[in-house]
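Student:
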Amino acid sequence: MLDLESLAKSFRGTAAVSGISFSLGQGEVLGFLGQNGAGKSTTMRMIAGVLEPDAGDARILGHSIISARRDAQKLIGYLPEGAPLYADMTPIGFLRFLADTHGLSGPDRRSAIDRVIADARIASVTHQPISTLSKGYKRRVGLAGAILHDPPVLLLDEPTDGLDPVQKRAVRALIARMAPEKAILISTHTLEEVPAMCSRVIVVDRGMVVADSTPDDLAASQPGGLEQAFIQLASDMSDNSA
Amino acid sequence: MMRELANLWTGVRAAWRREVFAFFATPLAYVFIAIFLIVLGVFTWDLSRFFDTGAADLGPFFYWHPWLYLLFMPALAMRLWSDETSAGTSELLLALPVSLPGLVIGKLLAAWTVAAAALILTFPWWITANILGPADNAAIALSYFVSLIMAGAYLGVGACISALTRSPVLAFVCGVIIAFLLTAAGWPLVTGAIADVFGTAAGDSIATFSFLTHFETAQRGVLELRGLAFYLGFIALCIVLNTIFVSHRRSGVQ
Numbered sequence: 001m002l003d004l005e006s007l008a009k010s011f012r013g014t015a016a017v018s019g020i021s022f023s024l025g026q027g028e029v030l031g032f033l034g035q036n037g038a039g040k041s042t043t044m045r046m047i048a049g050v051l052e053p054d055a056g057d058a059r060i061l062g063h064s065i066i067s068a069r070r071d072a073q074k075l076i077g078y079l080p081e082g083a084p085l086y087a088d089m090t091p092i093g094f095l096r097f098l099a100d101t102h103g104l105s106g107p108d109r110r111s112a113i114d115r116v117i118a119d120a121r122i123a124s125v126t127h128q129p130i131s132t133l134s135k136g137y138k139r140r141v142g143l144a145g146a147i148l149h150d151p152p153v154l155l156l157d158e159p160t161d162g163l164d165p166v167q168k169r170a171v172r173a174l175i176a177r178m179a180p181e182k183a184i185l186i187s188t189h190t191l192e193e194v195p196a197m198c199s200r201v202i203v204v205d206r207g208m209v210v211a212d213s214t215p216d217d218l219a220a221s222q223p224g225g226l227e228q229a230f231i232q233l234a235s236d237m238s239d240n241s242a
Numbered sequence: 243m244m245r246e247l248a249n250l251w252t253g254v255r256a257a258w259r260r261e262v263f264a265f266f267a268t269p270l271a272y273v274f275i276a277i278f279l280i281v282l283g284v285f286t287w288d289l290s291r292f293f294d295t296g297a298a299d300l301g302p303f304f305y306w307h308p309w310l311y312l313l314f315m316p317a318l319a320m321r322l323w324s325d326e327t328s329a330g331t332s333e334l335l336l337a338l339p340v341s342l343p344g345l346v347i348g349k350l351l352a353a354w355t356v357a358a359a360a361l362i363l364t365f366p367w368w369i370t371a372n373i374l375g376p377a378d379n380a381a382i383a384l385s386y387f388v389s390l391i392m393a394g395a396y397l398g399v400g401a402c403i404s405a406l407t408r409s410p411v412l413a414f415v416c417g418v419i420i421a422f423l424l425t426a427a428g429w430p431l432v433t434g435a436i437a438d439v440f441g442t443a444a445g446d447s448i449a450t451f452s453f454l455t456h457f458e459t460a461q462r463g464v465l466e467l468r469g470l471a472f473y474l475g476f477i478a479l480c481i482v483l484n485t486i487f488v489s490h491r492r493s494g495v496q
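Structure (structure tokens):
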């Protein structure tokens with residue numbers, strides 16, 4: 001469903017992403033791991049069509065994000081880092097705006113909005129200004145916006161950041177519920193969440209893929225489990241580049 | 243072609259609804275309209291001595307439009323794109339499967355809607371002119387129409403500048419400076435000075451690029467197609483530049 005072909009991006013001569021390639025199929029939930037500045041968010045922005053790659057391509061169900069951007073974007077649900085929202089709107093107003101941009105109208109629009117309000121559990125705050133919502137609710141409103149048009153590919157940049165344990169569990173349950181029908185790419189710093197949410201893990205460092213495995217296999221590669229494996233991969237890359 | 247137009251319309255409608263809501267959900271639009279009406283009223287009444295002339299002529303009222311627009315329209319447009327940048331919502335917009343020109347046009351139309359509302363609320367001046375005597379209502383209607391089109395050109399400048407910065411204040415200041423240049427280029431004081439230094443032809447050439455010059459023709463009750471084409475062409479240019487400025491964000495260069 002999602003194919004990355006040697007995706008690359010530089011900012012002012014500094015490589016942020018250096019030829020990342022992988023494929024993601026239906027039913028896969030991919031944990032996209034890496035240190036700060038490893039290139040996770042830049043990669044997700046390129047897949048979402050927010051940034052233009054310097055080289056390579058991302059294909060969503062065969063649609064190139066470069067040559068058929070709008071067709072590709074219709075198939076993507078994207079939750080950007082920090083879940084930016086319009087503070088002056090209410091969640092219902094925000095979802096109606098997104099429904100407009102996706103060309104949803106009439107009963108389809110109503111049922112899509114009702115569905116995501118229930119899925120993201122934001123029914124109690126739908127008419128409250130977004131500026132007054134807690135960080136957790138804001139993130140859930142962003143998530144509701146990302147899944148509004150029921151896209152086959154989901155890109156979630158730190159979806160559980162700032163959520164309390166109960167909210168995290170609810171988001172994990174929602175991802176698990178959607179997983180069989182979709183290809184989901186999740187960027188996260190919270191390593192303990194990975195085995196609970198993801199069926200596959202890719203670790204990136206300095207814009208390159210340094211590991212592509214299952215959470216269990218990656219955890220088994222080091223005595224200290226997933227965290228130790230992650231630290232080891234990052235330090236290996238530092239040693240190699242030194 | 244039809245698919246592109248449908249996409250454009252989707253973007254226009256979504257952005258217009260969102261921005262009109264944003265204007266009227268906060269005191270911004272109401273404060274803007276109130277201050278505009280007060281300042282225009284004071285200028286027309288006090289500085290132009292509207293009632294002293296006793297004539298059924300709205301010339302003193304329309305005279306101030308370009309000079310007020312150069313301050314008020316950049317204020318209305320300053321946050322159209324700068325807020326998106328500072329709040330990070332431009333990332334959300336760029337990830338949506340909508341036409342970028344559609345979003346640009348929708349935002350501009352939303353600000354234009356507020357400007358139109360402000361202009362409509364000046365109707366007591368029109369009624370007053372008719373009370374004072376037999377007014378040339380066709381000429382007044384024409385002046386209103388061209389004034390509204392001219393407001394769009396000023397908003398186009400403001401929206402363009404707003405797409406270049408994350409600071410609404412900076413967008414406002416730069417917008418006012420550019421709007422001032424586009425207005426003053428037709429001011430007799432400026433055209434006279436240019437004509438003295440570079441010759442009459444240079445003064446006339448500079449004046450043809452001024453918002454003031456084309457509006458003065460309309461104030462005389464003449465609908466000059468050249469003037470209308472100038473404003474509409476300028477607005478189209480602003481839309482194109484605005485679209486380029488926003489789409490440039492995809493390159494990742496700030």
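From first to last, the protein sequence lines stand for chains C and Y.
Going by the working numbering, the first residue of the first sequence is number 1, and it counts up by one from there.
Going by the working numbering, the first residue of the second sequence is number 243, and it counts up by one from there.
For glycine and all other residues, C-beta sits at the position ideal for the given N, C-alpha and C.
(1) Whose CA, out of Y:H456, Y:V254, Y:R492, lies closest to the CA of R468 of chain Y?
(2) What residues in the segment 333 to 351 of chain Y have a beta carbon less than 7 Å from any beta carbon of chain C?
(3) Give the C-beta separation of F487 of chain Y and C402 of chain Y to the nearest angstrom, bearing in mind that I take them to be a contact with Cβ-Cβ under 8 Å.
(4) So, is A242 of chain C buried or exposed, given that buried needs 16 or more other C-beta atoms within 10 angstroms?
(5) Check the Cβ of G330 of chain Y against every Cβ in chain C and list those closer than 8 Å, keeping chain order.
(6) What's the gap between the Cα of V166 of chain C and the Cα of G136 of chain C?
(7) Could you round the C-beta distance between Q199 of chain C and E5 of chain C to whole angstroms and report it? I think they count as a contact, below 8 Å.
(8) Might you give, ordered along the chain, the residues of its own chain that have their beta carbon closer than 8 Å to the beta carbon of T331 of chain Y, omitting 5 neighbours on each side?
(9) With respect to the beta strand (DSSP E) encompassing Y305 of chain Y, which residues constitute its N-terminal and C-terminal limits?
(10) When you compare the CB of S6 of chain C with every CB in chain Y, is at least one pair closer than 9 Å?
(11) Measure from the C-beta of R59 of chain C to each C-beta in chain Y and report whether the shortest distance is under 9 Å.
(12) What does T268 of chain Y reach in chain C if we use C-beta pairs closer than 7 Å?
(13) Nearest to T214 of chain C by alpha carbon, out of C:G225, C:D205, C:T43, C:G207?
(14) Shortest alpha-carbon distance to D114 of chain C belongs to which of C:Q128, C:I147, C:L85?
(15) Which first and last residues belong to the beta strand (DSSP E) in which E5 of chain C is found?
(16) Is the beta carbon of L154 of chain C closer than 9 Å to that of L191 of chain C?
(17) Please report the distance separating the alpha-carbon of T485 of chain Y from that of A359 of chain Y.
(18) Looking at the secondary structure, which residues open and close the alpha helix (DSSP H) in which G136 of chain C lies?
(19) Please classify M46 of chain C: does DSSP put it in a helix, a strand, or coil?
(20) Consult DSSP for R110 of chain C and reduce its assignment to one of helix, strand or coil.
(21) Which of the three DSSP states is assigned to L24 of chain C in this structure?
(22) With DSSP run on the structure shown, which of helix, strand or coil describes V432 of chain Y?
(23) State the Cα-Cα distance for the pair Q222 of chain C and V201 of chain C, rounded to the nearest angstrom.
(24) State the Cα-Cα distance for the pair V194 of chain C and G31 of chain C, rounded to the nearest angstrom.
(25) Whole angstroms are fine: how far does the CA of T43 of chain C sit from the CA of P80 of chain C?
(26) If distances are taken between C-alpha atoms only, which option among C:A196, C:A55, C:D71 comes closest to A179 of chain C?
(27) Helix or strand or just coil, what does DSSP make of V29 of chain C?
(28) Taking D205 of chain C as part of the beta strand (DSSP E), name the residues at either end of that continuous run.
(29) State whether the segment 288 to 295 of chain Y contacts the segment 124 to 142 of chain C, with contact taken as three or more CB pairs (one from each stretch) at a distance under 8 Å.
(30) Output yes if chain C places a C-beta closer than 9 Å to the C-beta of T355 of chain Y; else output no.
(31) If you count every other CB in all the chains shown that lies within 10 Å of the CB of A257 of chain Y, and 16 or more means buried, which is it?
(32) Which class does T160 of chain C belong to by DSSP, given the choice of helix, strand or coil?
(33) Quick one: what does DSSP say G56 of chain C is sitting in, helix, strand or coil?
(34) So, does the CB of I122 of chain C fall closer than 9 Å to a CB anywhere in chain Y?
(35) So with Cβ pairs under 9 Å, would you call T252 of chain Y a contact of chain C?
(36) Does the segment 363 to 378 of chain Y come within contact of the segment 92 to 99 of chain C, defined as at least 3 CB pairs closer than 8 Å?
Tutor: Well, looking at it:
(1) What you label residue 468 of chain Y is simply residue 226 of the second sequence in a count that begins at 1. For the options Y:H456, Y:V254, Y:R492, the alpha carbon positioned closest to that of R468 of chain Y is the one of Y:H456.
(2) Hits within the stretch, in order: E333, L334, L336, A337, L338, P339, V340.
(3) As a working note, residue 487 of chain Y is residue 245 in the second sequence. As a working note, residue 402 of chain Y is residue 160 in the second sequence. In this structure F487 of chain Y is in contact with C402 of chain Y, their Cβ atoms being roughly 7 Å apart against a cut-off of 8 Å.
(4) One-based indexing of the first sequence puts residue 242 of chain C at position 242. Low confidence applies here, because A242 of chain C scores a pLDDT of 49, under 50, leaving its location unreliable and the question unanswered by this model.
(5) Translated into positions along the second sequence, residue 330 of chain Y becomes position 88. In chain order: P80, G82, P84.
(6) Taking the first residue of the first sequence as position 1, residue 166 of chain C is located at position 166. Taking the first residue of the first sequence as position 1, residue 136 of chain C is located at position 136. Looking at the two C-alpha atoms, the distance is approximately 10 Å.
(7) One-based indexing of the first sequence puts residue 199 of chain C at position 199. One-based indexing of the first sequence puts residue 5 of chain C at position 5. The sequence given here has Ser at residue 199 of chain C, not Gln. Actually they do not touch by this definition, with Cβ atoms about 22 Å apart.
(8) Indexing the second sequence from 1 puts residue 331 of chain Y at position 89. Cβ within range, chain order: D325.
(9) For the purposes of this step, residue 305 of chain Y is identified with residue 63 of the second sequence, where counting begins at 1. Counting along the chain, Y305 of chain Y falls outside any beta strand (DSSP E), though it belongs to the alpha helix (DSSP H) covering 301 to 305.
(10) Translated into the one-based positions of the first sequence, residue 6 of chain C becomes position 6. So, not an interface residue.
(11) Your numbering for residue 59 of chain C matches position 59 in the first sequence. By this cut-off, R59 of chain C is not an interface position.
(12) If you number the second sequence from 1, residue 268 of chain Y lands on position 26. Near T268 of chain Y (Cβ distances below 7 Å), the residues of chain C are D88.
(13) In the first sequence, residue 214 of chain C corresponds to position 214, counting from 1. It is C:G225.
(14) As a working mapping, residue 114 of chain C is identified with position 114 in the first sequence. Comparing Cα-Cα distances from D114 of chain C to each of C:Q128, C:I147, C:L85, the minimum goes to C:I147.
(15) On the first sequence, position 5 is the one that residue 5 of chain C refers to. Secondary structure note for E5 of chain C: its beta strand (DSSP E) is the uninterrupted segment 2 to 11.
(16) Position 191 of the first sequence, counted from the first residue, corresponds to residue 191 of chain C. Position 154 of the first sequence, counted from the first residue, corresponds to residue 154 of chain C. Cβ distance not < 9 Å, so L191 of chain C and L154 of chain C don't count as in contact.
(17) In the second sequence, the residue the question calls residue 485 of chain Y occupies position 243. In the second sequence, the residue the question calls residue 359 of chain Y occupies position 117. When rounded, the separation of the alpha-carbon atoms in T485 of chain Y and A359 of chain Y is 26 Å.
(18) Locating residue 136 of chain C in the first sequence gives position 136, where the first residue counts as 1. Here the alpha helix (DSSP H) through G136 of chain C covers 135 to 147.
(19) Here the question's residue 46 of chain C lines up with position 46 in the first sequence. M46 of chain C falls in the helix class under three-state DSSP.
(20) Here the question's residue 110 of chain C lines up with position 110 in the first sequence. The three-state reading of DSSP puts R110 of chain C in helix, counting H, G and I together.
(21) Looking up residue 24 of chain C in the first sequence gives position 24. Of the three classes helix, strand and coil, the one that applies to L24 of chain C here is strand, per DSSP.
(22) By one-based count along the second sequence, residue 432 of chain Y stands at place 190. DSSP, read as helix, strand or coil, puts V432 of chain Y in helix.
(23) Your numbering for residue 222 of chain C matches position 222 in the first sequence. Your numbering for residue 201 of chain C matches position 201 in the first sequence. For Q222 of chain C and V201 of chain C, the distance between alpha carbons rounds to 15 Å.
(24) Here residue 194 of chain C is taken as the residue at index 194 of the first sequence, counted from 1. Here residue 31 of chain C is taken as the residue at index 31 of the first sequence, counted from 1. If I take the Cα positions, the gap works out to 6 Å.
(25) By 1-based counting over the first sequence, the position of residue 80 of chain C is 80. By 1-based counting over the first sequence, the position of residue 43 of chain C is 43. Taking the Cα positions, P80 of chain C is about 12 Å away from T43 of chain C.
(26) As a first step, residue 179 of chain C must be located in the first sequence, where it is residue number 179. Looking from the CA of A179 of chain C, the closest CA among C:A196, C:A55, C:D71 belongs to C:A196.
(27) Residue numbering aside, residue 29 of chain C sits at position 29 when the first sequence is read from its first letter. V29 of chain C sits in a strand when the DSSP states are folded into three classes.
(28) Indexing the first sequence from 1 puts residue 205 of chain C at position 205. Counting along the chain, the beta strand (DSSP E) containing D205 of chain C begins and ends at 200 to 205.
(29) In short, these stretches do not touch, since the Cβ pair count stays below three.
(30) To locate residue 355 of chain Y, count along the second sequence from 1; it is residue 113. It does not; no Cβ of chain C falls within 9 Å.
(31) Translated into positions along the second sequence, residue 257 of chain Y becomes position 15. A buried status is given to A257 of chain Y, since no fewer than 16 other beta-carbon atoms sit within 10 Å of its beta-carbon.
(32) Here residue 160 of chain C is taken as the residue at index 160 of the first sequence, counted from 1. Under the three-state reduction of DSSP output, T160 of chain C falls in the coil class, being neither helix nor strand.
(33) Along the first sequence, read from residue 1 onward, the residue named residue 56 of chain C stands at position 56. G56 of chain C: strand per DSSP, three-state reduction.
(34) Residue 122 of chain C sits at position 122 when you count from the first residue of the first sequence. No, I122 of chain C lies away from the interface with chain Y (no Cβ there is under 9 Å from its Cβ).
(35) In the second sequence, the residue the question calls residue 252 of chain Y occupies position 10. Taking Cβ atoms only, chain C reaches closer than 9 Å to T252 of chain Y, which makes this a yes.
(36) Here the segment 363 to 378 of chain Y makes no contact with the segment 92 to 99 of chain C; the two share fewer than three CB pairs at distances below 8 Å.
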